[in-house]
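Read left to right, the sequence shown gives residues 30 to 340 (our numbering).
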Amino acid sequence: MTDFRISYGTEVAEALRDGRPVVALESTIVSHGLPRPENLRVAREIEQAVRDAGAVPATIGMIRGEVVVGLDDAQLTRLATVDGVTKLSVRDLAVAAATGADGATTVAATSAVAAAAGIGVFATGGLGGVHREAAHTFDESADLTTLAQTPIAVVCAGVKSILDVGATLERLETLGVAVVGYRTRRFPGFYLTDAGFDLDWSVDSPEQVAAVLAARDEHAVHTGGLLVANPLPVDEQLDPDLHDRTLAEGLALLDRDGITGKAVTPYLLAHFHSATEGASLAVNVRIILRNADLAARIAVAAAARSTTAPA
């Protein structure tokens with residue numbers, strides 16, 4: 030393969046050309062974040078949630094070395110069902126392309142590719158961040174540094190609660206990533222509605238988020254991302270006691286098995302799924318569907334602003 034240009038699905042290419050709202054979606058949740066066969070079913074449901082809210086879904090991934098913005102159903106099925114799909118961060122994209130790999134994009138890679146493609150809104154489940162014991166291991170997700178230099182709005186349920194949430198918020202502040210709560214002044218913790226930390230800013234509507242993005246673009250002084258933290262309602266979160274017990278068990282297993290680096294998150298998520306007898310999976314699905322819906326409504330509001338803006 031000698032042509033490494035980004036490819037676009039037909040529906041996404043037409044939407045971008047016409048200025049219609051598009052929402053980027055990651056593929057790591059399909060290949061690594063959810064168990065088979067639920068992963069493919071949920072991936073299709075996520076795309077449908079975006080469509081139902083008026084936008085075009087653009088699931089991003091790599092097929093045999095080709096970066097695709099807007100995977101078709103056959104390509105989505107491939108990433109959901111074949112073995113050996115590589116988890117791709119930004120640094121991995123060129124190497125994976127040159128070696129013809131099948132790959133699923135992380136939050137970092139999806140954000141970077143989406144921004145390069147002209148897509149301004151991205152929906153995911155939970156952001157990566159600073160890992161526990163990072164003071165000794167220096168283990169920190171590339172999601173953070175990528176968002177510091179990528180002008181995209183990421184709708185998420187905070188950072189994964191298996192991480193050091195407080196340290197992650199400190200790093201986001203240092204890196205200049207704006208964080209707003211959606212109808213809340215408390216930062217969510219993925220499975221949990223409230224991770225125990227206050228936020229300086231809150232927004233109340235998709236239109237207000239679109240106004241934030243417009244102000245950032247017009248000011249042209251801040252090129253970093255906007256994190257829109259969208260918490261689950263309290264009655265939809267994972268039982269906090271069950272969460273804390275499962276997390277403590279999972280961290281002990283990590284230490285026992287010597288799991289480090291990129292393997293930590295999928296290992297702990299698999300443990301949560303098993304130990305909670307599927308309850309965490311149900312919460313995870315609710316999270317991403319809610320975020321896909323909100324991201325689509327933000328994209329619709331942003332597109333409406335751009336069509337009514339003065340020349």
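All C-beta atoms, glycine included, are put in the ideal place defined by N, C-alpha and C.
Classification of residue i by the beta-carbon crowding that lies within 10 angstroms, buried from 16 upward
i           : result
residue 61  : buried
residue 264 : exposed
residue 217 : buried
residue 76  : buried
residue 55  : buried
residue 160 : buried
residue 272 : buried
residue 336 : exposed
residue 151 : buried
residue 153 : buried
residue 287 : exposed
residue 249 : exposed
residue 121 : buried
residue 59  : buried
residue 146 : buried
residue 262 : exposed
residue 134 : buried
residue 277 : exposed
residue 127 : exposed
residue 332 : buried
residue 57  : buried
residue 125 : buried
Cut-off 8 angstroms between Cβ atoms - residues of its own chain near residue i, not counting five sequence neighbours on either side
i           : result
residue 212 : 231, 232 and 233
residue 194 : 158, 187, 188, 216, 218, 224, 225 and 226
residue 104 : 90, 92 and 97
residue 258 : 185, 186, 187, 208, 209, 210, 211, 213, 216, 217 and 228
residue 35  : 96, 97, 98, 142, 145 and 146
residue 148 : 45, 51, 52, 53, 87, 98 and 181
residue 113 : 131
Three-way DSSP call (helix, strand, coil) for residue i in this model
i           : result
residue 156 : strand
residue 35  : coil
residue 191 : coil
residue 79  : helix
residue 252 : coil
residue 95  : strand
residue 50  : coil
residue 233 : coil
residue 330 : helix
residue 215 : strand
residue 90  : strand
residue 227 : strand
residue 72  : helix
residue 210 : strand
residue 267 : coil
residue 242 : helix
residue 221 : strand
residue 42  : helix
residue 182 : strand
residue 277 : helix
residue 84  : coil
Heavy atom of the ligand NAP within 7 angstroms of residue i beta-carbon
i           : result
residue 101 : For the structure depicted, the ligand NAP is absent and the ligand set is empty, with no information on it obtainable.
Neighbourhood of residue i by C-beta distance below 6 angstroms, restricted to the same chain and skipping five residues each side
i           : result
residue 245 : 251
residue 330 : 235, 236 and 239
residue 79  : 52, 86, 321 and 325
residue 190 : 218, 219, 220 and 221
residue 366 : No answer is possible for residue 366: it lies beyond the span of the chain, which begins at 30 and ends at 340.
residue 44  : 51 and 85
residue 63  : 71
residue 334 : 239 and 243
residue 328 : 50, 52, 84 and 150
Close beta carbons around residue i, own chain, < 7 angstroms, minus the five adjacent residues each side
i           : result
residue 130 : 91, 94 and 115
residue 309 : 220, 267, 301 and 302
residue 101 : 38
residue 144 : 179, 180 and 181
residue 269 : 221
residue 119 : 137, 138, 141, 171 and 175
residue 177 : 204, 205, 206 and 253
residue 314 : 71
residue 304 : 275 and 278
Below-8 angstroms beta-carbon distance, residue i vs any chain C residue
i          : result
residue 87 : Absent from the structure is chain C; it holds one protein chain and no more.
Residue ranges of each beta strand (DSSP E) within the stretch 282 to 328, 3 or longer: The stretch 282 to 328 contains no whole beta strand (DSSP E) run of 3 or more residues.
Contact the stretch 280 to 289 vs the stretch 305 to 322: 3+ CB pairs below 8 angstroms: no
Three-pair Cβ contact test at 8 angstroms for the stretch 46 to 63 versus the stretch 78 to 86: yes
Ranges of the alpha helix (DSSP H) found wholly within the stretch 100 to 180, counting only runs of at least 4: 102 to 110, 122 to 127, 136 to 146, 163 to 166 and 171 to 176
Meets three-Cβ-pair contact criterion under 8 angstroms: the stretch 288 to 297 and the stretch 197 to 206: no
Any 3 or more C-beta pairs closer than 8 angstroms across the stretch 67 to 75 and the stretch 99 to 113: yes
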